[in-house]
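As structure tokens, the structure follows; a few thoughts come after it.
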Amino acid sequence: MKKTIITITGAAGNIAYSLIFRILSGNIFPDTHKIQINLLDLAEALPILKGVKYEIEDCAFPNLENITITDNPELAFMDSNYILLVGAKPRFKGMQRTDLLLDNANIFQKHAKIINECVGKDTKIVVVGNPANTNALILQNFAHNLPAENITSLMKLDQNRAKSILANKLDKSVKDISQLVVWGNHSVTQFPDLNHTLVSDSHDLISSLDKNWINDIFIPRVQKRGAEIIEHRGKSSAASAASAIYDHLSILVNGSIEWESMGIIRENNYNICDEIFFSFPLKISTSNIDIINDLDISENSMKYIKDTEKELLVERDIIKDILKN
6 MKKTIITITG
16 AAGNIAYSLI
26 FRILSGNIFP
36 DTHKIQINLL
46 DLAEALPILK
56 GVKYEIEDCA
66 FPNLENITIT
76 DNPELAFMDS
86 NYILLVGAKP
96 RFKGMQRTDL
106 LLDNANIFQK
116 HAKIINECVG
126 KDTKIVVVGN
136 PANTNALILQ
146 NFAHNLPAEN
156 ITSLMKLDQN
166 RAKSILANKL
176 DKSVKDISQL
186 VVWGNHSVTQ
196 FPDLNHTLVS
206 DSHDLISSLD
216 KNWINDIFIP
226 RVQKRGAEII
236 EHRGKSSAAS
246 AASAIYDHLS
256 ILVNGSIEWE
266 SMGIIRENNY
276 NICDEIFFSF
286 PLKISTSNID
296 IINDLDISEN
306 SMKYIKDTEK
316 ELLVERDIIK
326 DILKN
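Here's what the structure looks like:
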């Protein structure tokens, strides 16, 4: 019987709390797999993790073999098959984005150096903690024993948001919507792209949408959906983020027949810098992540795409001294 080891950082937080139970009760892995969950957080969070461990045990998941709770990254990462880097320093009121980038850069640099020594070349890493794309770049820079294609950053939350907003507009189910992708950075510069989107295998409904609605309502609402949730709920997204991480992990394990969005670092045909993690339209199998490189991109769309690339290049330049260490 095969065993899969999944490590989750920031494991005492709200996102991880929703994610852990989703993974263990879901169907990403076949029944023949046993799962070991490693939960990593700061020392002061260990009492919380003990309570989470008890709750997991009380669910009596048949595929669960073992739970490890720890504040030791080396123990948490050792021999992991999948590492979900959820934990990161949040941005507080009055905090500059530059400060957030640098603080999290130091955290991800330390994790990357440990991961580099603790895992095999088949380990897959999903970077969730923001700024996710740039944190993924730091990880790729210091975990150089891992192939770069094994590192991805979360954009599935943005893709799910875009599908939901569009489905509500058209009074359709999200399952009717395909080929809707999100380009660029997980930030307010991201570009949710409807130009190739199908609804019930047809582009007709998309073609009939008012261009002003797309440009003035749809795109900004997807870009700022996180802030909209905070405004109403008083807290950042947790359950929806966990659901997106679950979807992302499932796609890595099982592939997808859909077009997907993930942050990757790769040569491409769209004149996007190949030294940053950038979300492209992707086809993903169980063995490969391939950019859909032959799409026609309008001048208006390319402006959005280059704007989000510019932001990622600025983020890279902010952490350039850390990347040299």
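The opening position of the sequence shown corresponds to residue 6 in our numbering, with each subsequent residue numbered one higher.
Heads up, the beta-carbon is just placed ideally off N, CA and C, and yes, glycines get one too.
Here the structure is a predicted model, which means the values were calculated and not measured.
Inset, instruction - Can you give me the Cβ contacts of Val204 inside the same chain, cut-off strictly under 7 Å, excluding the 5 residues immediately before and after it? - result: Close CB contacts of Val204 within its chain, under the 7 Å cut and outside five residues either way in sequence, are with Leu175, Lys177, Asp181, Ile182, Leu210 and Ile211 (chain order).
Inset, instruction - With DSSP collapsed to three states, give me the class of Pro286. - result: For Pro286, the three-state secondary structure derived from DSSP is strand.
Legend entry - Classification of Val124 by the beta-carbon crowding that lies within 10 angstroms, buried from 16 upward: Under this definition Val124 is a buried residue.
Inset, instruction - Can you give me the start and stop residues for the beta strand (DSSP E) that Lys311 sits inside? - result: Counting along the chain, Lys311 falls outside any beta strand (DSSP E), though it belongs to the alpha helix (DSSP H) covering Glu304 to Ile323.
Legend entry - Span of the beta strand (DSSP E), counted from its first residue to its last, around Phe66: Neither: Phe66 is in no beta strand (DSSP E) and is coded neither H nor E.
Legend entry - C-alpha gap between Ser242 and Gly18, whole angstroms: Approximately 12 Å between the Cα atoms of the pair.
Inset, instruction - Rounded to whole angstroms, what's the CA-CA distance from Leu44 to Ile74? Just pull it up for me. - result: For Leu44 and Ile74, the gap between their C-alpha atoms comes out near 5 Å.
Legend entry - Completely contained alpha helix (DSSP H) runs for the segment 201-278, where each covers 4 or more residues: Here the runs fully enclosed are 209-213, 224-228, 230-238 and 244-259.
Inset, instruction - Look up Phe82 in the DSSP assignment and say whether it is helix, strand or coil. - result: The answer is helix: DSSP assigns Phe82 an H, G or I state.
Legend entry - Between the CA atoms of Pro67 and His38 - distance to the nearest angstrom: So the two alpha carbons sit approximately 10 Å from each other.
Legend entry - Length of the line joining the Cα atoms of Gly260 and Ser290: Distance between the alpha carbons of Gly260 and Ser290: 4 Å.
Inset, instruction - Please look up how many angstroms separate the CB atoms of Ile323 and Leu106, rounded, as I've assumed it's under 8 Å. - result: The Cβ separation is near 5 Å, so the contact holds.
Legend entry - CA-to-CA distance, Met6 to His237, given in whole angstroms: Straight-line spacing of the CA atoms in His237 and Met6 works out to 46 Å.
Inset, instruction - From the DSSP output, read off the bridge partner residues of Thr157. - result: Bridge partners of Thr157: Val131.
Inset, instruction - Decide if Lys168 is buried, meaning its Cβ has at least 16 other Cβ atoms within 10 Å, or exposed. - result: Buried, since its Cβ has 16 or more Cβ neighbours within 10 Å.
Legend entry - Residue environment, Ala232, which counts as buried when at least 16 other CB atoms sit within 10 Å: That one is exposed.
Legend entry - Start and end residues, alpha helix (DSSP H) containing Gln145: Note, Gln145: alpha helix (DSSP H), Ala137 to Phe147.
Inset, instruction - Mind checking which residues open and close the alpha helix (DSSP H) that includes Ile20? - result: Its alpha helix (DSSP H) spans residues Asn19 to Ser30.
Legend entry - Closest by C-alpha distance to Asn71, when choosing among Met83, Gln164 and Lys58: If we check each option's Cα against that of Asn71, Lys58 comes out closest.
Legend entry - Identity of the residue in Ser284, Asn173 and Val179 nearest Asp206 by Cα: Ranking the options by Cα distance to Asp206, first place goes to Val179.
Legend entry - Bridge-paired residues (DSSP) for Ile42: Note: Ile42 sits in a beta bridge opposite Ile11 and Ile72.
Legend entry - Beta-carbon spacing of Asn109, Lys94 below 8 Å: Contact: yes.
Inset, instruction - Can you grab the Cα-Cα spacing for the pair Lys23 / Ala244, in whole Å? - result: For the record, residue 23 in the displayed sequence is Ser; it is not Lys. Between the C-alpha atoms of Ser23 and Ala244 there is a straight-line separation of about 6 Å.
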